[in-house]
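Taking it in order: structure first as structure tokens, then the write-up.
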Amino acid sequence: MMNRVIIVGGGASGIMAAITAARNGAQVTVLEQNDRPGRKILATGNGKCNLTNLDMDPRHYHTDNPERLRAVLKKWTEKDTIDFFSGIGLDMHDRNGWVYPATDQSSSVLSLLLLTARENGVKIKTREHVTEIRIRHEKTGITEGEKQSAGQKNESADRLGRFAVLTDTWHYDADRVIIACGSPASAVTGSSDDLIRFAGQLDIPCREFLPALVPLRVRDQRSSAWAGVRVHARVTILADDMETASDVGEIQLTQNSISGIPVFQVSGSAVRALEKGKRVFAVLNFMPDLTDEETALSMMNKHRCNPGRRTADLLTGMLPDRIIPLFKKEIQAAQDKLDQTAEQKQNPDGMFLPLAEKIRHYRVEISGAASMKQAQTCSGGVPLSELTEDLESRRVPGIYFTGETADADGECGGYGLQWAFASGHAAGVAASC
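For the sequence shown, the numbering used here assigns the number 1 to the initial residue and increments by one for each residue that follows.
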């Protein structure tokens with residue numbers, strides 16, 4: 001007899017789990033609370049949908065159990081993702097290893113996923129908000145809630161299934177349940193923390209959701225001056241003066257916050273450190289391609305070519321105009337030394353090194369993260385140590401967790417979707433057996 005698989009959530013991992021389970025002979029129903037499935041897929045990659053990455057190293061993820069994550073990713077690699085989408089009709093291209101649909105439209109990805117699901121007999125029911133997941137008793141085939149209902153028939157567990165999945169208007173019998181309801185991250189309609197409620201109902205440990213891939217708020221009075229600047233820089237996170245993460249690229253500076261892909265990449269580390277009560281700083285390096293000495297030498301060469309210019313003017317062409325005032329104190333100190341050496345006819349070598357060091361090590365305190373709605377994903381969820389390599393709960397066999405509901409969050413660059421597809425495939429295969 002085929003397994004009846006109920007999937008809670010019609011996002012990337014849920015649809016992949018549905019297709020996989022159906023292809024393996026299961027009877028599959030997806031319950032999606034929105035009016036249509038896949039809303040977050042449409043929003044990924046700024047609407048371009050970064051499917052996966054050719055550099056699929058587990059170091060690009062944060063999790064409590066790297067070995068468990070590695071095992072899941074090994075069973076469904078980036079090549080499997082590419083082959084799968086190619087097989088259902090999607091053309092793709094990669095940009096420095098970041099793989100996108102050739103159309104650069106996430107709608108192409110979603111349309112083909114839903115078409116493939118329908119072709120494999122998957123039922124997708126929208127506007128179905130799951131309120132409770134109940135475990136049936138093996139002997140009686142009824143749940144604790146059903147014991148309270150007058151006139152409840154004592155049907156066998158084999159007929160009813162191991163679980164009852166209740167929605168606002170209906171209940172579904174299931175032999176296996178895959179929880180793929182995502183997280184509260186992003187402003188997409190339907191993002192929720194339903195997982196916390198389901199884990200509580202099933203007595204399964206679950207970590208609080210924290211925003212990841214998110215802008216960081218800073219405590220710096222001078223941040224109003226840099227608002228609107230985009231600059232190539234490195235950002236390094238220090239938690240109690242210990243370096244925890246670093247990345248380089250285009251950083252967006254706004255009043256009281258920093259953003260951009262490099263900040264997203266290190267934000268999870270900052271948020272987790274703040275949650276532990278640590279004091280967290282971001283060190284901004286505005287000349288990441290040079291050393292302190294090389295930066296000072298560059299300013300010295302500009303001075304020698306243009307000896308009449310003030311120190312602040314030497315930075316024009318090196319840094320965006322609105323960043324230069326951040327170093328007012330160091331600029332004035334360098335200018336004073338230049339004026340002094342000029343009067344004494346001394347060699348000004350080394351005068352710019354303190355200014356160069358400040359430009360490459362500008363420290364701002366992190367006061368927190370932007371709202372959950374501004375986060376692209378979350379850390380938290382059911383720890384991988386609580387799950388098997390098939391993402392099945394060790395405490396409640398027959399319950400599976402995929403995508404953001406399992407505590408594994410990846411960097412920008414297709415890692416989140418690759419985890420969604422890999423975890424969905426693993427759970428889909430296991431739930432169908």
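Ideal Cβ positions, reconstructed from N, Cα and C, are used throughout, including at glycine.
When C-beta atoms of the region 369-384 are compared with those of the region 58-66, three or more pairs fall below 8 Å, so the two segments count as touching. Looking from the CA of Arg-363, the closest CA among His-303, Val-283, Ala-431 and Gly-414 belongs to Val-283. Within 10 angstroms of the beta-carbon of Arg-279 lie fewer than 16 other beta-carbons, which makes it exposed. The continuous stretches of beta strand (DSSP E) do not include Thr-316, and DSSP gives it neither H nor E. Minimum Cα-Cα distance from Leu-54 among the listed residues Cys-412, Ala-426 and Gly-277 corresponds to Cys-412. By the CB criterion at 7 Å, Ser-259 and Pro-215 fall inside the cutoff. Here the alpha carbons of Leu-338 and Arg-222 stand approximately 26 Å from one another.
Residue Arg-230 holds the alpha-carbon nearest to the alpha-carbon of Val-263 among Arg-230, Phe-163 and Gln-335.
With a minimum length of 3 residues, the unbroken runs of beta strand (DSSP E) contained wholly in the region 35-82 fall at 61-63. Annotation for His-93: no alpha helix (DSSP H) segment contains it, though the beta strand (DSSP E) segment containing it runs 92-95.
Between Thr-167 and Leu-31 the beta-carbon gap is near 6 Å, inside 8 Å, which marks them as a contact. His-303 is positioned such that its CB atom lies closer than 7 Å to that of Leu-314.
One thing to note: Ala-408 has its Cβ no nearer than 7 Å to the Cβ of Ala-17. DSSP places Asp-339 within a helical segment (H, G or I) once states are collapsed to three.
In this structure, Ser-13 keeps its C-beta atom at 7 Å or more from the C-beta atom of Ala-270. Between Glu-132 and Val-165, the alpha-carbon positions lie close to 6 Å from each other. The beta carbons of Ala-180 and Gly-161 sit no closer together than 7 Å.
Taking a contact to require three or more Cβ pairs closer than 8 Å, the region 247-258 and the region 201-213 do not qualify as touching. Taking a C-beta distance under 7 Å as the contact criterion, Gln-255 and Ala-227 qualify as a contact pair.
Cβ contact annotation for Cys-378 (same chain, cutoff 8 Å, sequence separation greater than five): Ser-183, Pro-184, Ala-185, Phe-209, Leu-210, Pro-211, Ala-212, Met-372, Glu-404 and Asp-409, in chain order. Using a 10 angstroms sphere on the CB of Trp-170, the tally of other CB atoms stays under 16, which defines it as exposed. Secondary structure of Ala-282 (DSSP, three-state): strand. Here the C-alpha atom of Ile-15 lies approximately 43 Å from the C-alpha atom of Phe-286. In terms of CA proximity to Lys-74, Ser-423 leads the group Ser-423, Arg-136 and Leu-202. DSSP links Gly-249 through a beta bridge to Ala-233. Bounds of the beta strand (DSSP E) holding Arg-134 are 130-135. Here DSSP, grouped into helix, strand and coil, assigns Val-109 to helix.
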